[in-house]
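Have a look at the structure below, then the notes.
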């Protein structure tokens, strides 16, 4: 009599084989290295072509050459920074390495002067920074839930006020303790750091100081710039630490959402290249409207742009295809060009020599007090009005204490919360304007 076939033994064998195959595939996937979503061998080929063109003087000029260098070197620095143990955990990861790696290349002469000029022109006169921020502001606001936009409203200025108050108090205390006068600590360090960057903060602030205290504006610029540069470094580092704090204490963060107690399902999106084109057009148009109105309204173009986009979203006047396209375009730009932009920020906006000159212990401690005070003040008052403390500390605190638009990108990149760009820009632009107002009131008190 023949023995029955034991089917279960084959089934058991199949069950053991399948997980093994899956494990092999998983290990292969883990061992596969990509940079910029490209297999590393191909990326290295692109990098070799780029570097050869750079150092032989044959790199194309204008947008092509600048963007090629920024993407290739920015992605290399970002990839390395996101994998260095201490840097990725405590110092901002790829964001800070991309900025200061490129700044070091300029400082040490590793980046040819012609490339430095090409990248700087592309960032500044070429408007790449504005192009990037316009995409983020338009896409993130139009893609936002309009109920949340209404709920935030004017309450957002409460954590901004908390950031300013916290920065002034802690700077005054720490500055006095390490040997500065209260006047020096607040006017020379706290105010420029909280003032919205160079163009909107330190430059007009130097004019105010010159008019009220005497001396040339250049005298005050040389005092304000080191504080601004060092404060930007601390803002990026603390952004990374706040992101890490959120993983340890989930109740403190909305993981990119600013408001507490308001959960909603994000609509599923089907990506459409044509819609993305419409979204890009919307971003460019909104930025142009902001620039047009800024020619006769005393507000920064970004601030006006935020207001107009927010009103358009709340009024629901933008076609749904454009709304979806703007959101998709923003995600494309943020996903593909962030490290490139950070590399450009390091080249065009970060003077490493200025940062190094400021590295005395008392100066470092006082500047750190400014940024820490902004974080504490914004987080505490933000929580009082229903915001998540970490998101409030990042947007109303750190985005007040960085170098304006460039600092906003670096801080939000380090904290992995790019969707908060509209609130970051409110802090940098409108908050910076409040600081200039405050400076005019404080100087007579100190003198």
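Residue numbers (the numbering used here): 761 to 1207. Just so you know, even glycine gets a beta-carbon here, dropped at the ideal spot from N, CA and C. The model shown is predicted, which means the values in this text are computed figures rather than measured ones.
query, result
"Assigned exposure category for residue 782 - 16 Cβ within 10 Å defines buried", "Caution is warranted here: a pLDDT of 47 is assigned to residue 782, below 50, making its placement in the model unreliable, and the coordinate value is therefore given only provisionally. The residue in question, residue 782, is exposed, as its Cβ has fewer than 16 Cβ neighbours within 10 Å."
"Buried or exposed (CB count within 10 angstroms, at least 16 for buried), residue 1177", "buried"
"Beta-bridge pairing of residue 1147 - partner residues as DSSP gives them", "1019"
"Where the alpha helix (DSSP H) containing residue 901 begins and where it ends", "888-902"
"Residues of its chain near residue 930, where Cβ-Cβ distance is below 8 Å and the 5 sequence neighbours each way are ignored", "1129, 1130, 1132, 1133 and 1136"
"Option nearest residue 1146 by Cα separation, candidates 1094, 1115, 802 and 1011", "1011"
"Same chain only: Cβ atoms within 7 Å of residue 825, ignoring 5 sequence neighbours per side", "819 and 878"
"With 16 other Cβ atoms within 10 Å as the buried cut-off, status of residue 784", "Caution applies to residue 784, whose pLDDT of 46 falls short of 50 and renders its modelled position unreliable; the model cannot decide the point."
"Sub-8 Å separation of residue 1149 and residue 1165 beta-carbons", "no"
"Status (buried if at least 16 other CB within 10 Å, exposed otherwise) for residue 1204", "exposed"
"Inter-residue spacing [alpha-carbon to alpha-carbon] between residue 1057 and residue 893", "21 Å"
"Per DSSP, cross-strand counterpart(s) of residue 799", "794"
"Nonlocal neighbours in the same chain, by C-beta distance under 8 Å from residue 1125, ignoring five residues either side", "934 and 938"
"At least three beta-carbon pairs within less than 8 Å, the stretch 1104-1116 to the stretch 863-880", "yes"
"Burial state of residue 992 (16 or more Cβ within 10 Å)", "buried"
"Option in 1087, 847, 1180 and 811 with minimal Cα separation from residue 1033", "1087"
"Exposure label - residue 1073; buried when at least 16 CB within 10 Å", "buried"
"Between the CA atoms of residue 890 and residue 1035 - distance to the nearest angstrom", "21 Å"
"Burial state of residue 1004 (16 or more Cβ within 10 Å)", "exposed"
"Simplified DSSP state of residue 954, which is helix, strand or coil", "coil"
"Contacting residues, own chain, Cβ-Cβ under 6 Å from residue 848 (five flanking each side not counted)", "842"
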